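Counting with our numbering, you get residues 93 to 389 for the letters of the sequence shown. Even for Gly, the Cβ is constructed at its ideal location relative to N, Cα and C. Bear in mind the structure is a predicted one, so any value in this text is a computation, not a measurement.
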Amino acid sequence: MTRPVFRFAPSPNGELHLGHAYSAMLNHQLAREAGGRFLLRIEDIDIGRCRREYEDAILRDLAWLGLEWEEPVRRQSDHFEDYAEALDRLIDAGLVYPAFMSRGEIRAFIAGTDDGGASWPRDPDGAAHYPGEDRHLSTAERRARISAGEPYSWRIDMMAAVAHAGAGLSWREEGSGPQEECGLVAADPAAWGDVIVARRDVPTSYHLAVVVDDAIQGITHVVRGRDLFQATAVQRLIQELLGLTPPTYLHHDLILGDDGRKLSKSRRDTAISVLREAGAQPGDIARMVGLRQLTSG
Ligand code: GLU
């Protein structure tokens, strides 16, 4: 029997806080209980915001918490060619298109619709869907604009991709959320519109890199916060388009601050390093997030 493979995949754009500690420790604990493997992945495709100092601090915090992971750690910025290869397959299949509109142009386009954008579709995170006018450009026009140096990202032609993937796209969810969020969950990627698979500035996007890496690393269980529950629909779609085996998902509750809001990297009081400097021990962190203390072995 193959061993289950879990991963914790932080972005080094700030320090780890209690929410990350919970996610990392939960993955580690589930991997141990299942006799599985625990991997770490540094998700640093956002080269403008990610820093090596944060990566070093993340490794330091996780080691202090008592976590052990396999080496080498996969750093996404070292693997852009893997994402480019996946993108090429989507381009060859005609399921993505070069999207030229800037954020400002998108806003202006939507504001210019009949009702000023009031009924314009929005994704589950509240962002407006991409207008997709350039979905219909001819190959010659695309080439001309690209060779003229116009910036562009690659976006999924969502309708074409959903048709290609076929009916019944779903994922196995092991979280303890409401009933409709457990068991086999129907995926509705169209709710996201034409999502970006490769940004203007980097040759991939979060969704594409996560899907490619989960497959390359043989991840069998994706355990992460509920804030990524809806995003799973897009990731399942991309897996289907690339012919990849989907993992099982478990979206856990988020650790909230005293104000009832999701913790953010800019809030210093729940940073692991700050708690450590104030005298907290790893066992205190485990208690604060409602997990058993880690034991070695
Ligand atoms: N890198 C993402 C984050 O820090 C997590 C992605 C995932 O677990 O799929 O929020």
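Reduced DSSP secondary structure (H/G/I, E/B, other) of residue i
{"i": "T94", "result": "coil"}
{"i": "P295", "result": "coil"}
{"i": "F321", "result": "coil"}
{"i": "P190", "result": "strand"}
{"i": "E265", "result": "strand"}
{"i": "W390", "result": "This structure cannot settle anything about residue 390, because the visible part of the chain is limited to 93 through 389."}
{"i": "V315", "result": "strand"}
{"i": "H256", "result": "helix"}
{"i": "T231", "result": "helix"}
{"i": "R353", "result": "coil"}
{"i": "A126", "result": "coil"}
{"i": "G418", "result": "Here the chain covers residues 93 to 389 and nothing more, so residue 418 does not appear."}
{"i": "H171", "result": "coil"}
{"i": "H344", "result": "strand"}
{"i": "I440", "result": "Residue 440 falls outside the range modelled here, since the chain spans only 93 to 389, and no answer is possible."}
{"i": "I134", "result": "strand"}
{"i": "S388", "result": "Any reading at S388 is ruled out, since the residue's pLDDT is 49, under 50, leaving its predicted position unreliable."}
{"i": "A282", "result": "helix"}
{"i": "A301", "result": "helix"}
{"i": "H221", "result": "coil"}
{"i": "R359", "result": "coil"}
{"i": "R99", "result": "strand"}
{"i": "R328", "result": "helix"}
{"i": "R214", "result": "strand"}
{"i": "R141", "result": "coil"}
{"i": "L108", "result": "coil"}
Cβ separation of residue i and residue j, assumed to be a contact under 8 Å, to the nearest whole Å
{"i": "Y114", "j": "L383", "result": "7 Å"}
{"i": "E98", "j": "A116", "result": "Checking the sequence, you will find Phe at residue 98 rather than Glu. Their Cβ separation, rounded to whole angstroms, is 10 Å, which puts F98 and A116 out of contact at 8 Å."}
{"i": "F192", "j": "Y146", "result": "The Cβ separation is near 33 Å, so there is no contact."}
{"i": "A323", "j": "A279", "result": "Going by Cβ atoms, the distance from A323 to A279 rounds to 10 Å, so no, they are not a contact pair."}
{"i": "Y175", "j": "V304", "result": "6 Å"}
{"i": "A253", "j": "L187", "result": "5 Å"}
{"i": "L329", "j": "L261", "result": "6 Å"}
{"i": "P338", "j": "A283", "result": "About 18 Å; that fails the 8 Å criterion."}
{"i": "L355", "j": "L118", "result": "In fact, because the Cβ distance is near 15 Å, the residues do not count as touching under 8 Å."}
{"i": "R227", "j": "Y189", "result": "5 Å"}
{"i": "L162", "j": "R129", "result": "The sequence given here places Glu at residue 162; Leu does not occur at that position. 6 Å between Cβ atoms; contact."}
Limits of the alpha helix (DSSP H) - the one that residue i falls within
{"i": "R144", "result": "144-156"}
{"i": "I198", "result": "195-203"}
{"i": "R368", "result": "364-369"}
{"i": "P374", "result": "374-380"}
N- and C-terminal bounds of the beta strand (DSSP E) containing residue i
{"i": "L276", "result": "275-278"}
{"i": "I288", "result": "288-290"}
Do the region 132-144 and the region 95-114 touch if we need at least three Cβ pairs shorter than 8 Å?
-> yes
Tell me, please, whether the region 281-289 touches the region 242-253 by the rule of three or more beta-carbon pairs shorter than 8 Å.
-> yes
At least 3 beta-carbon pairs within less than 8 Å: the region 218-227 vs the region 172-187 = no
Does the region 192-209 come within contact of the region 264-278, defined as at least 3 CB pairs closer than 8 Å?
-> no
Are three or more beta carbon pairs between the region 301-317 and the region 335-343 nearer than 8 Å?
-> yes
Do the region 364-379 and the region 151-170 make contact, defined as three or more Cβ pairs closer than 8 Å?
-> yes
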